[in-house]
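In this note's numbering, the protein residues as written are 30 to 342. Where a beta carbon is used, it is the ideal one built from N, C-alpha and C, also for glycine. It should be emphasised that the depicted structure is a prediction, and the values quoted were computed from it without experimental measurement.
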Amino acid sequence: MGKIDWMRGCFILLFIVSLYGCATTADVRILDREIYRLSSQLNALQKEKDSLKTEVQKEIPALKTDLGSETKKLQADLLLRVEALQSQIRTLSTDVEEYKEFLKRPSKEIERMKEDVALRMRTLEEKDKTVEEKNKVQEDRIRTMEERIKRIEDQLKMIGAKIDQVASKQIEEEKTPKGEAPVDVKGLSTGAGDLYKDAYETLQKGDLEKARRKFEAFLKQYPNTELSDNAQFWIGETYYLKKDFEKAILEYEKAITKYPEGDKVPAALFKQALAFLELGEKSSARDLLKRVIDRYPHSEQAEMAKKKLEATK
């Protein structure tokens with residue numbers, strides 16, 4: 030700024046000298062006033078310049094302070110951002126390492142599982158072979174047992190047929206009332222014999238339902254005659270011949286309990302045993318057969334019971 034002011038002053042001086050060489054006194058005065066005015070302005074400008082310079086110099090420390098504070102803030106903010114970024118980078122690095130380990134882990138587990146599965150498969154194959162061998166042996170045994178069972182069933186059928194044949198003879202050998210002799214122990218001499226004979230003949234004809242109704246009618250009218258236990262036994266027999274074995278057992282039981290001294294008790298016990306065999310209850314059947322043998326050893330049913338008992342072993 031000093032160099033510029035010096036050049037400006039020289040120029041003005043030269044300008045004044047040139048004017049003095051060719052100007053009049055009035056012009057010189059005017060020029061003096063103008064020079065004074067310009068000098069005044071120049072001085073004013075110089076003062077303003079100095080004032081501005083002073084103000085600038087005064088504000089520089091404050092600006093430096095503000096700038097330093099702002100710089101520190103920026104540095105602190107930048108440092109925080111850098112630290113946050115570094116933390117994120119560390120976290121990301123850790124995640125990457127974990128992911129790498131995770132990627133390696135399934136492979137190892139899969140290999141281990143493959144080995145485990147292969148071992149189990151080998152074990153299962155060995156077990157399958159053992160089971161197949163056992164099954165083969167078992168199948169041979171089952172075939173042998175089935176053949177034996179078939180032979181035993183054939184024998185049982187033959188024995189059963191013989192027993193049924195003997196049992197069926199009981200119906201043919203049943204004695205019908207003779208003549209007009211009284212048959213009711215309570216003195217009912219009229220109608221009882223004929224009613225019983227009619228029911229029995231209906232049974233011989235094979236009309237089981239009608240025969241049962243007639244025997245039931247007979248028992249309703251004559252519950253305590255010499256033929257009442259027979260009638261009750263034949264009611265059970267109608268169910269047995271129809272293969273309604275459960276009802277047959279109940280009706281045979283009535284002949285046993287209502288007429289314990291009747292001559293049909295051994296037959297009723299034996300036929301109960303046969304009915305239980307038909308129902309597949311061998312234990313109950315064997316108990317009844319033994320009961321016939323023990324209580325009525327001299328009866329025809331006792332001999333049949335012995336044969337049947339041997340066949341059900």
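Mapping the DSSP letters down to three states, classify residue i as helix, strand or coil.
i	result
residue 289	coil
residue 311	helix
residue 342	coil
residue 148	helix
residue 235	coil
residue 255	coil
residue 326	coil
residue 276	helix
residue 271	coil
Would you please state the rounded distance, in angstroms, between the beta carbons of residue i and residue j? I believe it to be under 8 Å.
i	j	result
residue 305	residue 321	Wrong, their Cβ atoms sit about 13 Å apart, outside the cutoff.
residue 268	residue 280	6 Å
residue 338	residue 319	7 Å
residue 271	residue 317	So it is not a contact: roughly 21 Å between Cβ atoms.
residue 241	residue 278	Going by Cβ atoms, the distance from residue 241 to residue 278 rounds to 15 Å, so no, they are not a contact pair.
residue 221	residue 254	6 Å
Near residue i, which residues of its chain fall below 8 Å by C-beta distance, leaving aside the five closest residues on each side in sequence?
i	result
residue 293	258, 259, 261, 262, 284
residue 243	224, 227, 228, 231
residue 239	231
Tell me which residue opens and which closes the alpha helix (DSSP H) that residue i is part of.
i	result
residue 220	Segment: none, residue 220 is in no alpha helix (DSSP H) and carries neither H nor E.
Leaving out five residues before and five after residue i in sequence, what residues of the same chain have Cβ atoms less than 6 Å from its Cβ?
i	result
residue 297	262, 281, 284, 285
residue 308	274
residue 302	314, 317, 318
residue 328	295
residue 247	224, 225, 228, 260
residue 234	none
Is the Cβ of residue i closer than 9 Å to any Cβ of chain D?
i	result
residue 286	Absent from the structure is chain D; it holds one protein chain and no more.
Looking only at its chain, what residues have a beta carbon closer than 7 Å to the beta carbon of residue i, apart from the 5 residues adjacent to it on each side?
i	result
residue 189	Note that residue 189 has pLDDT 48, beneath the 50 cutoff, so the model's placement of it is unreliable and no number is given.
residue 19	Outside the shown range of the chain, which is 30 to 342, sits residue 19, and nothing can be said about it.
residue 127	none
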